[in-house]
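Chains as they are written, first to last, in the numbering used here: chain F, 385 to 654; chain X, 11 to 255; chain Y, 3 to 229; chain H, 34 to 77.
Below, the structure is given as structure tokens:
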């Protein structure tokens, strides 16, 4: 988080007389958002670790839950946004790749937060259930969701033209939307048949007092801010990446055209 | 450049291929760097050029297999930017790969590819006959064939597809003398029947004799050959523009 | 040519290639059988094999699916035939259904063999009602696997030649089939004391899966194999 | 004390990852923005 601070403060000084063109992807809005985000994250750390009390049932381990719930919320939000932007991209795919980039940026942070969710969830599970992993329907679906979107990111990296990348990955994202409810439903049905694995129901009851509820809300807000800030910036970076590829094409085209003058044309007059 | 000269097209006669400053890329490499080319119906155009000049990409662009990145283009009346799918069934491409199934026999392959274009059984037989594959070879597995025989089979598939526009990429490669004669005769009669043919070849003697016009491809661009042969008479009948019947 | 004619043509072609080359018969079937035997070595405990035999049948099927999908697209990419299929301008949905159908026929052969092996090796047995559930399970499960295999195979192998990407894309998607088909087969075999009628909800799930991916795949296959 | 260790690990890993992600996107944005003219930055 320290690095965010550096950008936010140094960007004003970087805009000296020589550089009217900004040398970063930020705007006044994202910088302000970045500062608010840092504040929110720092206070989340303070409330989550220090100010909020231990739970009556769970004890100190409830502190992990703030992280766990915050990240899983963002991960699901990110995947919903990916699906919606993919549909929007296919809807009007003729021109703009913006929807494709938003989908990609959203999926990237979704995968990262899903990994954090699984990590925090495993540690929390060890503390309160005595086991890192349970074959609970929700946990299993989440793991499948994670792998599915790792696959989605791999498809984005397959190469080819920008339009092709957009179309392919949008189709894969929409297929994932088809897949997730099926996975969830089948896993749920499976678990309801096998009652023995209902360890997940044993100690999940948390009694939230006011400060704990506040901390939980703070976690949701803080992680959502991180998500919004990151997607805004990442989407711009991806746009610049695509623009640079186009520039590369311009350069390569000029190079290619120069071959004509370099090679003597066989027996032709121009 | 001769873009302006080529853009002058007789009114009412839509050219089979019209490319204006077309750009196509392979990965990030601009294989076609602003190609302007017009081909009219019944022509046999020879594309010459060094390896990597962009001949193959030009043919694949015209076959609707490579997307148009910049510029504009129309092939057999379809816009390359928006109607790639609908142009494909009317164009036949003989690429570097033969597109054959090695475990199937020669006749099974030709029948399959003919069927994708809706060819009847007798048309498939005729195609096999024309490429000299009707006899013993017809039932041989493609895996067992020599390179030249595979090329013949691939050509027979193309003939059976009865395309309006033939795009041939190095068609002579690997063929023996009779194979080349068969190929040339096939191409000529297809053109006479109203099909248009674009050939990319290094075999300039062979292909040059066949062609009605020569276009040089250099650095991903097209340049009309100066010594253009006299224009062919416009093929008479055959209004539906099909090749061999 | 409409999509159904294309599908018939492509399916007939794929099956004829298989009849000529016998790759599935001579290599994939023995592989699947071997997997069943290896399971017996690995899980050699009292009655456990009989209890887990439904899962083993479908696990072996899913592993074999991976090989079958690679094979069905190796046929297309060996000599640029997939390119030629795109170039021929035939309906992509037709190609999708054709290849899925051919894949399903090969899978079906495999499943019959695996079920037979489970009966022989793991002493599994069917009641008459169980046999009905089994048939009702195998058909939608096989179609679903065929659709999903063709769809992601076309993306990973057909369009880009990335065979290593295939399991990553395929396995999360086939999870519902693996779960559903295994539970339904448990019901059919009465493994672990399951009642035969427990199988029907799973058959419904498998049918929904097959229909969804049949429709979704026919729409998505074209864009996925396009350049 | 398992609890303290687990809780601190969770917080460290989470905040560290978020910081790493933020740093990555900022530095990438900077290096790309330097290479491109203003017309390629529509958000300005």
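Backbone N, C-alpha and C define an ideal beta-carbon position, used for all residues, glycine too.
{"Asked": "Continuous alpha helix (DSSP H) stretch holding residue 171 of chain X: start and end", "Found": "157-171"}
{"Asked": "Three CB pairs or more closer than 8 Å across the segment 58-78 of chain Y and the segment 50-63 of chain X", "Found": "no"}
{"Asked": "Classification of residue 117 of chain Y by the beta-carbon crowding that lies within 10 angstroms, buried from 16 upward", "Found": "buried"}
{"Asked": "Rounded distance between the beta-carbons of residue 86 of chain X and residue 70 of chain X, thought under 8 Å", "Found": "That pair is no contact at about 15 Å."}
{"Asked": "6 Å CB neighbourhood of residue 456 of chain F in its chain, flanking five on each side removed", "Found": "501"}
{"Asked": "Residues that residue 552 of chain F bridges to, as DSSP identifies them", "Found": "Note: residue 552 of chain F sits in no beta bridge, so no partner."}
{"Asked": "Buried versus exposed call for residue 29 of chain Y [16 or more other C-beta atoms within 10 Å across all chains shown]", "Found": "exposed"}
{"Asked": "Where the segment 81-114 of chain X meets chain Y: residues whose CB sits under 7 Å from a CB there", "Found": "95, 98, 99, 103, 105, 107, 108, 109, 110, 111, 112, 113 and 114"}
{"Asked": "Buried or exposed (CB count within 10 angstroms, at least 16 for buried), residue 74 of chain H", "Found": "buried"}
{"Asked": "DSSP beta-bridge partners of residue 476 of chain F", "Found": "DSSP, once it has assigned bridges, lists no residue as partnering residue 476 of chain F."}
{"Asked": "Rounded straight-line distance, which links the Cα of residue 50 of chain H to that of residue 496 of chain F", "Found": "8 Å"}
{"Asked": "Residue 572 of chain F - partner residues in DSSP beta bridges", "Found": "Beta-bridge pairing links residue 572 of chain F to no other residue."}
{"Asked": "Neighbouring residues, chain F, relative to residue 185 of chain Y (Cβ below 9 Å)", "Found": "570, 573, 574 and 577"}
{"Asked": "Reduced DSSP category for residue 36 of chain Y - H, G, I as helix; E, B as strand; rest coil", "Found": "helix"}
{"Asked": "7 Å CB neighbourhood of residue 539 of chain F in its chain, flanking five on each side removed", "Found": "552, 553 and 556"}
{"Asked": "Contacts of residue 203 of chain Y in chain F (Cβ-Cβ under 7 Å)", "Found": "573"}
{"Asked": "N- and C-terminal bounds of the alpha helix (DSSP H) containing residue 414 of chain F", "Found": "412-430"}
{"Asked": "Residue environment, residue 38 of chain H, which counts as buried when at least 16 other CB atoms sit within 10 Å", "Found": "exposed"}
{"Asked": "Residues near residue 28 of chain X by beta carbon distance below 6 Å, same chain, minus five either side", "Found": "48 and 84"}
{"Asked": "Segments of 4+ residues assigned as alpha helix (DSSP H) that fall wholly inside the segment 70-132 of chain X", "Found": "94-98 and 116-126"}
{"Asked": "For residue 226 of chain X, the residue or residues it bridges with in DSSP", "Found": "X:58 and X:233"}
{"Asked": "Contact between the segment 90-109 of chain Y and the segment 10-21 of chain Y (3+ Cβ pairs under 8 Å)", "Found": "yes"}
{"Asked": "Proximal residues to residue 248 of chain X (C-beta, below 7 Å), its chain only, five neighbours per side dropped", "Found": "With a pLDDT of 41 at residue 248 of chain X, under the threshold of 50, the predicted position of this residue should be treated as unreliable, and no value is reported."}
{"Asked": "Contact list for residue 128 of chain X against chain Y, beta-carbon separation under 7 Å", "Found": "3"}
{"Asked": "Sub-9 Å separation of residue 61 of chain Y and residue 26 of chain Y beta-carbons", "Found": "no"}
{"Asked": "Three CB pairs or more closer than 8 Å across the segment 184-195 of chain Y and the segment 42-59 of chain Y", "Found": "yes"}
{"Asked": "Chain Y contact for residue 610 of chain F (CB, 9 Å cutoff)", "Found": "no"}
{"Asked": "Length of the line joining the Cα atoms of residue 178 of chain Y and residue 486 of chain F", "Found": "29 Å"}
{"Asked": "Cα-Cα separation, residue 581 of chain F to residue 123 of chain Y", "Found": "Note that residue 581 of chain F scores a pLDDT of 42, beneath 50, so its modelled location is shaky and nothing firm can be said."}
{"Asked": "Positions along the segment 537-570 of chain F whose CB lies within less than 9 Å of some CB in chain X", "Found": "543, 544, 545, 547 and 548"}
{"Asked": "Cα-Cα separation between residue 529 of chain F and residue 519 of chain F, rounded to whole angstroms", "Found": "15 Å"}
{"Asked": "3-residue-minimum beta strand (DSSP E) runs that sit fully inside the segment 159-194 of chain Y, ordered along the chain", "Found": "none"}
{"Asked": "DSSP state of residue 38 of chain X mapped onto helix, strand, coil", "Found": "coil"}
{"Asked": "Chain Y within 9 Å of residue 133 of chain X, Cβ atoms only", "Found": "no"}
{"Asked": "Among X:113, X:75 and X:76, nearest to residue 22 of chain Y - alpha-carbon criterion", "Found": "X:113"}
{"Asked": "Residue-chain proximity (residue 155 of chain Y, chain F), Cβ-Cβ < 9 Å", "Found": "no"}
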